[in-house]
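Working notes, structure below.
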Amino acid sequence: MAKKDLVIRIGGEGGEGVVSAGDFIAAACARAGLEVYTFKTFPAEVKGGYCMYQVRTSSERVYNQGDTYDVFCAFNGEAYELNKHLLVPGSVMVYDGPGGDFEPEIPEGVIAYPIPMTKTALALKSKRSKNMVALGALSALFNISEATLKEVLTLKFKKKGEDILNFNLGAFDEGKKLAQALEKVDEFRVADARTPDDVIIISGNDACGMGAILGGLEFFSAYPITPATEIAKFVATHIPKKAGTLLQAEDEIASIAQLLGASYAGKKSMTATSGPGLALMSEMLGMATMSETPCMLVDVQRGGPSTGMPTKHEQSDLFIAIHGGHGDSPRIVLSVEDVNDCVNMSVDALNLAEQYQCPVILLSDGSLAFSTQTIPAPKKENFKIVNRRKWDCKGEYKRYELTGDNISPMADPGTPGAQHIATGLEHNEKGSPSWDIHNRDLQMDKRYNKLSTVIENYHDTEIDGEGEADLGIITWGSTIGVAREAVERMRAEGMKVKGFYPKLMWPMPVEQYEAFAKTCKKILVPEVNYLGQLSHFIRAETSIDPISYPICQGLPFTPSQIIAKSKEVL
Amino acid sequence: MSLAALNKVEMKPKEYKSDVSVVWCPGCGHHGILNGIYRALSELGIDPDNMMSISGIGCSSRTPYFIKSYKMHTLHGRAGAVATGAQLAQPDQCVMVTGGDGDGFSIGGGHMPHMARKNVNLTYVLFDNGIYGLTKGQYSPTSRPEMTAYTTPYGGPEEPMNPLLYMLTYGATYVAQGFAGKPKICAELIKGALEHKGFSYVNIFSQCPSFNKIDTVQYYRDLVEEIPEGHDPSSLGQAIDVARGLENGKSPMGLLYKVDKPTLDEKLAEIVTKVGGHKDYDVNKIVDLYRP
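Chains A and U, in that order, give the protein sequences. Residue numbers for the first sequence follow this note's numbering, beginning at 222 and rising by one. Residue numbers for the second sequence follow this note's numbering, beginning at 382 and rising by one.
This is the structure we're talking about:
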């Protein structure tokens with residue numbers, strides 16, 4: 222098929238403006254009505270270290286970061302060294318030269334454009350303008366609309382003053398002139414501008430915060446942790462507008478404790494963390510289950526165990542999300558595919574927590590956290606907001622009353638006549654401690670059985686494709702976006718492939734898994750962790766015998782990897 | 382807690398008793414503290430519907446069960462953090478935490494400084510018996526080294542901490558100390574704490590006849606002495622001097638420190654005011670900020 226997308230990767234030293242250059246390109250493309258999907262890798266260090274920003278843009282929907290780059294822009298020798306193995310015939314490199322800190326060897330068939338970024342920036346007496354020079358050159362070389370880019374730059378720099386704005390625009394023009402002096406011999410170009418849809422461009426982390434606020438969030442307790450902290454930053458910025466509260470706690474144990482206190486006291490509450498924080502919270506998650514307190518938590522997964530690879534991508538918290546904690550502790554686990562889901566499913570997660578009065582964990586991951594994507598602009602009016610069932614103020618109030626659907630009405634403190642205790646002890650209907658064996662059965666059943674309607678109340682798992690297939694791909698999280706493209710490309714080659722993309726991870730919609738697997742000769746489960754955690758649950762809970770395909774190197778899958786593996790197993 | 386905003390009710394101390402029977406051992410000091418709490422609530426006329434009583438785990442953490450109020454029985458060490466969230470969610474309600482020395486200063490030690498520092502508007506009554514009672518007698522952060530206990534058969538290797546100095550250092554705005562054997566004084570100090578706007582801490586010595594064989598009623602009686610007249614509770618310097626021990630070496634009983642500072646909920650409300658926030662704000666405006 223004709224190539225509609227373009228992937229530009231910029232690599233350099235942290236602090237050189239790699240990220241802002243990438244952000245400007247992404248924003249300009251979005252402004253020009255194009256679809257955008259970005260992917261970034263950061264060092265774990267505060268300053269310095271290799272940093273990479275990749276923009277994939279197209280006139281059609283993009284589901285993932287792509288296989289590799291078409292255009293590589295090297296800010297320094299380290300970036301060149303780390304990316305030169307991907308310089309294949311037909312690819313393009315724009316590099317800092319002459320006058321940079323390296324002399325690249327240009328492989329046969331690779332097109333290279335030297336742009337003296339550092340030299341030009343130094344001549345302008347500001348080393349920091351290097352990224353503007355590069356941006357001007359990339360704009361001229363690859364049809365990134367100059368007018369749109371300058372609009373974006375103006376929006377960004379205008380508040381810093383006319384001088385700073387004009388200086389940056391000047392550096393941009395220098396880069397443009399340098400590129401125009403070169404002969405363009407490749408055919409890569411960003412798609413032409415079109416009338417923009419009603420979209421926003423936003424990162425996964427910001428989108429989780431946005432979804433939560435759209436979902437009626439009132440209280441957020443935060444503790445800093447990579448790669449989840451931006452969710453708290455978003456909420457801290459915007460929740461006061463809604464007269465809501467964000468508090469930074471002293472640790473993750475305190476943040477989930479504060480969440481439970483606020484939720485008990487009647488507020489829609491959440492926190493966000495990553496794996497190590499989730500591990501610390503696991504005791505309090507049990508308390509949320511036992512006391513039936515609504516509790517919403519986002520886990521932005523990162524490379525584990527322990528400190529692991531904090532800035533790298535991984536999907537390895539499915540075990541702890543579903544079963545982490547002591548005792549039998551039922552909860553709901555959701556997982557997002559992309560930035561659009563980060564908005565919509567944060568609303569879902571808050572709604573489910575309120576409806577079922579239990580912990581709801583929303584799993585995101587490291588690559589989505591920082592990935593900016595164009596998504597349909599969400600509207601408050603389009604979301605259904607669910608609030609906890611309230612006591613009708615009739616008769617005797619029993620907090621843990623055994624009702625038909627096992628969900629007991631709640632009463633906020635201050636309600637006359639409904640004094641009660643929220644307790645981590647096993648309790649009877651009134652909340653009083655009870656070790657009675659019959660009561661134990663009733664209350665354990667209550668906590669599990671109230672979740673029996675989650676599957677029917679949540680939308681069915683999406684199936685990509687129809688009829689019988691030789692291979693069914695089941696995957697989760699941001700790997701779904703990669704699988705979508707892999708399935709599409711394999712189908713275009715005439716292969717019979719289907720996809721099954723669960724978002725409700727727990728309770729597991731077992732019948733839907735079984736029905737899907739019946740239509741496929743083989744099942745392949747790609748996921749970014751070491752053990753194959755979803756494969757494990759599929760084996761444990763269904764009769765399916767999947768082929769597990771875990772990778773665990775700190776990077777997301779590429780469509781080509783899934784295609785190659787699919788061909789291998791067929 | 383600023384109690385002005387709350388409805389006052391006419392209830393006798395015993396009317397604050399819930400229908401759950403008290404489970405503490407005979408002779409336990411906690412009975413006296415509980416009576417002090419009932420009396421303080423009665424004198425202030427606090428409406429049980431407008432009170433949240435929150436605890437962690439331990440003998441004294443059972444207290445909420447015995448009081449008419451909204452209540453949470455949470456996890457070991459976490460009562461203060463849970464109460465912080467509850468207080469911020471319902472800043473007009475009366476929030477009281479009850480717990481022990483192990484619950485507060487050992488496993489919960491990560492949270493104590495921050496309630497004090499942030500001036501969370503709640504009252505923390507710490508039943509200090511120098512031992513873990515519920516697990517049958519292990520040494521705690523306030524145990525004396527000469528105490529032989531479950532895990533210290535040859536005596537303890539550690540020096541005890543001073544809860545009063547700790548709280549003063551971290552910025553608590555109300556610090557007092559009592560003794561379970563003096564329930565009237567306990568009631569006064571708890572009453573003052575509940576009336577105080579800001580983080581109020583009341584340390585109350587409480588004998589554990591079952592497991593702490595050295596900190597007896599008589600020991601505490603000899604240990605404490607009322608803070609002499611003339612003490613200025615608005616002076617942090619004087620409070621710290623007193624917290625280190627009275628001139629005759631006795632432990633102070635009474636109000637050491639009380640100062641008015643903005644509370645955490647007030648400061649968070651200021652942020653809302655600063656951004657002009659209100660419940661009906663159109664959140665679609667936030668979405669608009671992300672248009673390309």
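Using N, Cα and C, we set each Cβ at its ideal position, and we do this for glycine too. The model shown is predicted, which means the values in this text are computed figures rather than measured ones.
Beta-carbon gap between residue i and residue j smaller than 8 angstroms
i, j, result
"residue 438(A)", "residue 453(A)", "no"
"residue 554(U)", "residue 500(U)", "yes"
"residue 434(U)", "residue 465(U)", "no"
"residue 504(U)", "residue 581(U)", "yes"
"residue 507(A)", "residue 546(A)", "yes"
"residue 686(A)", "residue 708(A)", "yes"
"residue 604(A)", "residue 436(A)", "yes"
"residue 455(A)", "residue 427(A)", "yes"
"residue 400(A)", "residue 361(A)", "yes"
"residue 497(U)", "residue 551(U)", "yes"
Outcome for residue i when other beta-carbon atoms lying within 10 angstroms are tallied against a minimum of 16
i, result
"residue 739(A)", "exposed"
"residue 608(A)", "exposed"
"residue 721(A)", "buried"
"residue 560(U)", "buried"
"residue 457(U)", "buried"
"residue 330(A)", "exposed"
"residue 251(A)", "buried"
"residue 486(A)", "buried"
"residue 388(A)", "buried"
"residue 540(A)", "exposed"
"residue 661(U)", "exposed"
"residue 477(A)", "buried"
"residue 599(U)", "exposed"
"residue 391(U)", "exposed"
"residue 659(A)", "exposed"
"residue 445(U)", "buried"
"residue 670(A)", "exposed"
"residue 236(A)", "exposed"
"residue 510(A)", "buried"
"residue 641(A)", "buried"
Euclidean distance between Cα positions of residue i and residue j
i, j, result
"residue 635(A)", "residue 452(U)", "11 angstroms"
"residue 545(U)", "residue 556(U)", "7 angstroms"
"residue 431(A)", "residue 573(A)", "17 angstroms"
"residue 349(A)", "residue 698(A)", "37 angstroms"
"residue 381(A)", "residue 762(A)", "57 angstroms"
"residue 492(U)", "residue 530(A)", "28 angstroms"
"residue 614(U)", "residue 244(A)", "57 angstroms"
"residue 371(A)", "residue 353(A)", "11 angstroms"
"residue 790(A)", "residue 670(U)", "47 angstroms"
"residue 257(A)", "residue 247(A)", "6 angstroms"
"residue 643(U)", "residue 468(U)", "15 angstroms"
"residue 403(U)", "residue 474(A)", "30 angstroms"
"residue 312(A)", "residue 488(A)", "54 angstroms"
"residue 377(U)", "residue 503(A)", "What is shown of chain U runs 382 to 673, which leaves residue 377(U) out entirely."
"residue 617(U)", "residue 638(U)", "7 angstroms"
Beta-carbon separation (whole angstroms), residue i vs residue j, contact threshold 8 angstroms
i, j, result
"residue 409(A)", "residue 357(A)", "In fact, because the Cβ distance is near 17 angstroms, the residues do not count as touching under 8 angstroms."
"residue 520(A)", "residue 542(A)", "6 angstroms"
"residue 445(A)", "residue 532(A)", "Wrong, their Cβ atoms sit about 14 angstroms apart, outside the cutoff."
Helix, strand or coil at residue i according to DSSP, with G and I counted as helix
i, result
"residue 623(A)", "coil"
"residue 619(U)", "helix"
"residue 239(A)", "helix"
"residue 488(U)", "helix"
"residue 285(A)", "coil"
"residue 515(U)", "coil"
"residue 461(A)", "helix"
"residue 455(A)", "helix"
"residue 271(A)", "strand"
"residue 782(A)", "helix"
"residue 560(U)", "strand"
"residue 470(A)", "coil"
"residue 566(A)", "helix"
Chain C within 8 angstroms of residue i, Cβ atoms only
i, result
"residue 402(U)", "In the structure shown, chain C does not exist; the protein chains are A and U."
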